[in-house]
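Participant: Under our numbering, think of the first position of the sequence shown as 83, with each following residue one higher. Glycine included, every Cβ here is placed at the ideal spot set by N, Cα and C.
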Amino acid sequence: GSVCGAHIVLSLPPCVRVRVQVWQRNICAYAVVIVVKMAEGETEKEYDTRKAIEELRERFQGLTTALRESSQSSLEASLHFCQEFCQVLVEHAGRWKTDEDPLPLLEVYTVAILSFAKAASCLSSECENVPLLLEKLALSCAELLLSLPQHVPGALWEEFQSSMKLAHGLLQETGSTQLRLLLVLAQQDGVWANTTLSGILSSQISQTEQVHEYLESEGATLLNMRIKHLIKVDSVDKAAVLAKTCSEYPGFEGKGNFKQTYLLCICLTKSQEQLMEEITSIDCKDALEMICNLESEGDEKGALCMCTTFLKRQLLQGDVYCAWELTLFWSKLLMRLESSAESFLSHSKQMTLLCRSVCHILFLIKVIQNEVASGSIALKMTSSDHKDSKSTICKTISCLLPTDLEVKRACQLTEFLLQPTVDSYYAVESLYNEPDQKPEEDGSLPVPNSLRCELLLALKTQWPFDPEFWDWKTLKRNCLALMGEEAAIVSSIDTLNDTDEQEPLPMQIYHQRHHMRTMTSLSKKMCRHCILLLVPSVRRKRKQLSWLIHPSLDLIRKII
Numbered sequence: 083g084s085v086c087g088a089h090i091v092l093s094l095p096p097c098v099r100v101r102v103q104v105w106q107r108n109i110c111a112y113a114v115v116i117v118v119k120m121a122e123g124e125t126e127k128e129y130d131t132r133k134a135i136e137e138l139r140e141r142f143q144g145l146t147t148a149l150r151e152s153s154q155s156s157l158e159a160s161l162h163f164c165q166e167f168c169q170v171l172v173e174h175a176g177r178w179k180t181d182e183d184p185l186p187l188l189e190v191y192t193v194a195i196l197s198f199a200k201a202a203s204c205l206s207s208e209c210e211n212v213p214l215l216l217e218k219l220a221l222s223c224a225e226l227l228l229s230l231p232q233h234v235p236g237a238l239w240e241e242f243q244s245s246m247k248l249a250h251g252l253l254q255e256t257g258s259t260q261l262r263l264l265l266v267l268a269q270q271d272g273v274w275a276n277t278t279l280s281g282i283l284s285s286q287i288s289q290t291e292q293v294h295e296y297l298e299s300e301g302a303t304l305l306n307m308r309i310k311h312l313i314k315v316d317s318v319d320k321a322a323v324l325a326k327t328c329s330e331y332p333g334f335e336g337k338g339n340f341k342q343t344y345l346l347c348i349c350l351t352k353s354q355e356q357l358m359e360e361i362t363s364i365d366c367k368d369a370l371e372m373i374c375n376l377e378s379e380g381d382e383k384g385a386l387c388m389c390t391t392f393l394k395r396q397l398l399q400g401d402v403y404c405a406w407e408l409t410l411f412w413s414k415l416l417m418r419l420e421s422s423a424e425s426f427l428s429h430s431k432q433m434t435l436l437c438r439s440v441c442h443i444l445f446l447i448k449v450i451q452n453e454v455a456s457g458s459i460a461l462k463m464t465s466s467d468h469k470d471s472k473s474t475i476c477k478t479i480s481c482l483l484p485t486d487l488e489v490k491r492a493c494q495l496t497e498f499l500l501q502p503t504v505d506s507y508y509a510v511e512s513l514y515n516e517p518d519q520k521p522e523e524d525g526s527l528p529v530p531n532s533l534r535c536e537l538l539l540a541l542k543t544q545w546p547f548d549p550e551f552w553d554w555k556t557l558k559r560n561c562l563a564l565m566g567e568e569a570a571i572v573s574s575i576d577t578l579n580d581t582d583e584q585e586p587l588p589m590q591i592y593h594q595r596h597h598m599r600t601m602t603s604l605s606k607k608m609c610r611h612c613i614l615l616l617v618p619s620v621r622r623k624r625k626q627l628s629w630l631i632h633p634s635l636d637l638i639r640k641i642i
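1) For my contact list, Tyr-344 and Ala-322 are in at a C-beta cut-off of 8 angstroms; report their separation, rounded to the angstrom.
2) Could you check how far apart the C-beta atoms of Leu-216 and Ser-258 are, in whole angstroms? I think they sit under 8 angstroms.
3) To the nearest angstrom, report how far apart Gln-270 and Glu-158 are at their CA atoms.
4) Whether or not the region 369–377 and the region 327–336 are in contact is what I'm after, with contact meaning three or more pairs of Cβ atoms, one per stretch, closer than 8 angstroms; do they touch?
5) Can you give me the C-alpha to C-alpha distance between Val-318 and Thr-180, rounded to a whole angstrom?
6) What's the call for Asn-306, buried or exposed, on a 16-neighbour Cβ count within 10 Å?
7) Can we say the region 473–486 touches the region 497–504, given the rule of at least three CB pairs closer than 8 angstroms?
8) Taking C-alpha atoms, which residue in Tyr-508, Ser-574 and Thr-503 lies nearest to Gly-566?
9) In whole angstroms, give me the CA-to-CA distance for Arg-139 and Leu-253.
10) Given a cut-off of 7 angstroms, decide if Leu-541 and Gln-519 are closer than it, judged by their beta-carbon atoms.
11) Please classify Trp-554: is it buried, with 16 or more other beta-carbons within 10 angstroms of its beta-carbon, or exposed?
12) Using 8 angstroms as the threshold, is the region 284–292 in touch with the region 237–254, meaning 3 or more CB pairs across them?
13) Report all residues from its chain with a CB closer than 6 angstroms to the CB of Lys-414; omit the five preceding and five following residues, and keep chain order.
14) Report yes if the C-beta distance between Gly-166 and Leu-145 is below 7 angstroms; otherwise report no.
15) Does DSSP put Asn-515 in a helix, a strand or coil?
16) Just tell me which of Thr-556, Ser-284 and Val-234 has its CA closest to the CA of Ala-268.
17) Just to confirm, does Leu-578 get its C-beta within under 6 angstroms of one of the non-hydrogen atoms of the ligand SAH?
18) Tell me the DSSP secondary structure of Ala-201 in three-state form.
19) Measure how close the beta-carbons of Ser-206 and Ser-152 come, nearest whole angstrom, since I'm counting them as under 8 angstroms.
20) Beta carbon of Lys-405, beta carbon of Gln-396: below 7 angstroms?
21) Give me, in chain order, the residues of the same chain whose beta-carbon lies closer than 8 angstroms to that of Tyr-403; leave out the 5 immediate sequence neighbours on both sides.
22) Can you tell me whether Thr-390 is buried or exposed, with buried defined as 16 or more other CB within 10 angstroms of its CB?
23) Distance check for Leu-324 and Leu-539, CA to CA, integer angstroms please.
24) What's the C-alpha gap between Ile-475 and Val-440?
25) So Leu-446 packs on Thr-409, CB below 8 angstroms; how close in whole Å?
26) In chain order, what residues of the same chain lie with their CB nearer than 8 angstroms to the CB of Lys-469, ignoring the 5 residues before and after it?
27) Starting from the Cα of Lys-448, find the closest Cα among Leu-435, Ser-430 and Leu-557 and give me that residue.
28) Could you check if Thr-147 is buried or exposed, using at least 16 other CB atoms within 10 Å of its CB as the buried criterion?
29) Roughly how many angstroms lie between the CA atoms of Ser-280 and Ala-194, to the nearest whole one?
30) So which of Val-510, Asn-579, Phe-411 and Lys-310 has the shortest CA-CA distance to Phe-392?
31) Assuming Ser-222 is part of the alpha helix (DSSP H), what are its boundary residues?
32) Buried or exposed: where does Lys-218 fall if 16 or more other Cβ atoms within 10 Å of its Cβ makes it buried?
33) Could you check what DSSP says for Phe-547 in three-state terms: helix, strand or coil?
34) Measure the alpha-carbon distance for Leu-350 versus Gln-356 and round it to whole angstroms.
35) Using 10 angstroms around the beta-carbon of Pro-186, count the other beta-carbons present and answer buried if the total reaches 16, otherwise exposed.
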């Protein structure tokens with residue numbers, strides 16, 4: 083190669099030949115420098131980084147000198163310094179990306195923080211930008227340290243430790259403690275190297291005093307940053323453990339939203355059954371506040387996740403407490419994230435299948451009308467649906483068509499056939515004892531007559547018989563046959579109601595008085611209590627049930 087190169091040089095004109103020789107000497111000299119650097123263990127990339135850091139340090143020193151020699155007022159000079167400082171920092175930090183070259187960025191922050199601390203004595207205490215800039219520097223540096231994918235080299239970590247100690251000491255002279263967070267990290271062997279922290283994350287530490295001492299030394303801000311980083315890197319289980327530990331520490335009460343973060347973590351990781359157990363003691367108003375906090379922080383996915391969890395709890399429990407607020411928030415957050423009417427209706431349908439209360443379905447209908455004005459959703463009953471879901475749908479239809487007696491009868495009979503209880507039986511009886519309605523014209527009905535007929539046919543598919551041409555006695559006999567032991571309670575109540583309406587004969591009065599004298603007051607209370615427990619509807623029929631005051635001993639013996 084050298085022979086060939088020499089041949090090329092010699093064949094050129096004399097003036098050009100001299101220039102080429104100079105160029106060759108420069109290239110050779112540069113190559114020698116590179117070889118020497120590599121021999122010292124420094125790559126070209128590391129050399130460029132070192133030169134850039136030295137240049138950054140010189141520029142910060144220049145800003146500090148200009149600040150001290152400025153003829154402006156202290157406030158104006160401080161404002162100008164902060165502005166120029168940020169500009170220089172952004173310009174140099176922009177050369178590297180956090181995910182590709184995090185270590186040079188750590189050097190940049192280390193130099194910047196120490197340079198700012200050295201200039202702090204010349205900065206005006208009236209300048210609001212000074213503490214704000216220092217706080218942003220500390221938080222950004224801490225966030226970078228927590229996200230470092232590899233171990234920090236010893237020399238760089240030692241430089242960071244010494245710089246933070248020096249900077250913290252300089253700032254303390256001005257009354258600032260905003261570097262405490264970084265000083266805590268600098269006192270450790272590594273960002274995640276603390277043994278107590280490792281024990282907490284692995285759920286292997288049980289010494290409460292040791293844990294509390296560690297939490298107090300770290301502080302709520304740094305621990306909150308650790309938890310957010312763990313969530314960011316999909317270590318949600320570890321984040322949940324740390325958040326729960328922090329939420330249970332008395333010293334952090336009212337700080338850091340650790341309980342909120344813990345609930346968000348378990349919403350992302352736990353099964354529905356485990357989740358319901360975890361949140362059973364949490365008030366919905368507290369949950370709404372947490373949901374609002376997450377939304378205001380920009381975490382709409384987290385807010386939707388938590389809102390969905392608590393809304394499901396209320397639906398499954400049939401509890402309407404805060405249910406409207408949860409339904410409204412849920413619909414708004416879902417539409418922001420999904421923005422598709424089809425997806426919104428699909429999620430709404432899934433929610434209706436969990437409903438155990440008419441109010442919940444009406445709430446869902448309302449938000450569907452608000453969010454998807456041109457859309458609709460069908461409430462469908464299939465053989466696999468839960469009995470409570472079917473009953474809730476029937477209740478909802480009754481609420482939507484309150485003046486249609488035939489539909490209300492069909493809905494109430496469907497509820498009874500799904501769950502043949504004493505209460506549901508008497509509800510059917512009360513509707514069937516009302517006088518029949520005259521058929522109305524199609525235009526006066528709230529829904530088209532064709533849809534109404536389809537609805538009645540759909541309800542009849544749930545029935546084991548067709549009572550269309552039956553009178554009440556026939557229907558009653560078939561209903562009682564489905565009630566098992568509870569049918570005896572209904573029969574006894576009906577019999578006693580019938581006999582109570584008749585004028586008692588003198589012999590009956592004698593026997594009743596004789597029985598009343600033989601019963602102690604304790605027996606009276608026991609009988610009354612047993613009947614009220616066995617027949618909840620008795621509470622609504624006190625006026626009709628005069629037999630409760632003059633009980634029959636035979637019936638009492640059966641009940642007791």
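Facilitator: On the basis of the coordinates in this document:
1) The distance from the Cβ of Tyr-344 to that of Ala-322 is about 6 angstroms, consistent with a contact at the 8 angstroms cut-off.
2) With a Cβ gap of about 7 angstroms, Leu-216 and Ser-258 count as contacting.
3) Roughly 39 angstroms between the two C-alpha positions.
4) At 8 angstroms Cβ cutoff, the stretches do not touch.
5) Spanning the two alpha carbons is a distance of roughly 22 angstroms.
6) Around the beta carbon of Asn-306, 16 or more other beta carbons lie within 10 angstroms, which makes this residue buried.
7) These segments touch.
8) Nearest C-alpha to Gly-566: Thr-503.
9) Cα to Cα, the separation comes out at about 19 angstroms.
10) No, the pair does not count as a contact, with Cβ atoms beyond the cut-off.
11) With fewer than 16 other Cβ atoms inside 10 Å of its own Cβ, Trp-554 counts as exposed.
12) Short answer: they don't touch.
13) Same-chain partners within the cutoff: there are none.
14) The residue asked about is misnamed: residue 166 is Glu in this sequence, not Gly. Closer than 7 angstroms, so yes.
15) In the three-state reduction of the DSSP assignment, Asn-515 falls in the coil class, being assigned neither a helical nor a strand state.
16) If we check each option's Cα against that of Ala-268, Val-234 comes out closest.
17) Annotation note on the ligand SAH: not contained in the displayed structure, which lists no ligands.
18) DSSP, reduced to helix, strand and coil, places Ala-201 within a helical segment of the structure shown.
19) Distance from Ser-206 to Ser-152 at the Cβ level is roughly 11 angstroms; contact not present, criterion being Cβ atoms closer than 8 angstroms.
20) Reading off the sequence, residue 405 comes out as Ala, not Lys. The answer is yes: Cβ separation under 7 angstroms.
21) Around Tyr-403, the same chain offers Cys-366 and Gln-396 as residues with beta carbons nearer than 8 angstroms, after the five sequence neighbours per side are excluded.
22) Here Thr-390 is buried, its C-beta having at least 16 other C-beta atoms within 10 Å.
23) Leu-539 and Leu-324 have their C-alpha atoms spaced approximately 57 angstroms apart.
24) If you draw a straight line from the Cα of Ile-475 to the Cα of Val-440, it is about 7 angstroms long.
25) The beta carbons of Leu-446 and Thr-409 sit about 6 angstroms from each other, so the pair counts as a contact at 8 angstroms.
26) Once the five neighbours on either side are set aside, the close Cβ partners of Lys-469 are Leu-500 and Gln-501.
27) With respect to the C-alpha of Lys-448, the residue from Leu-435, Ser-430 and Leu-557 having the closest C-alpha is Ser-430.
28) By the 16-neighbour rule on beta-carbons within 10 angstroms, Thr-147 is exposed.
29) Separation of Ser-280 and Ala-194 (C-alpha to C-alpha, rounded to the nearest whole angstrom) is 31 angstroms.
30) Out of Val-510, Asn-579, Phe-411 and Lys-310, Phe-411 has the C-alpha closest to the C-alpha of Phe-392.
31) According to the DSSP assignment, Ser-222 belongs to the alpha helix (DSSP H) that extends over 211–229.
32) The residue is exposed, with fewer than 16 neighbouring Cβ atoms inside 10 Å.
33) Secondary structure of Phe-547 (DSSP, three-state): coil.
34) So the alpha carbons of these two residues sit roughly 12 angstroms apart.
35) Around the Cβ of Pro-186, a 10 Å sphere holds 16 or more other Cβ atoms; the residue is buried.
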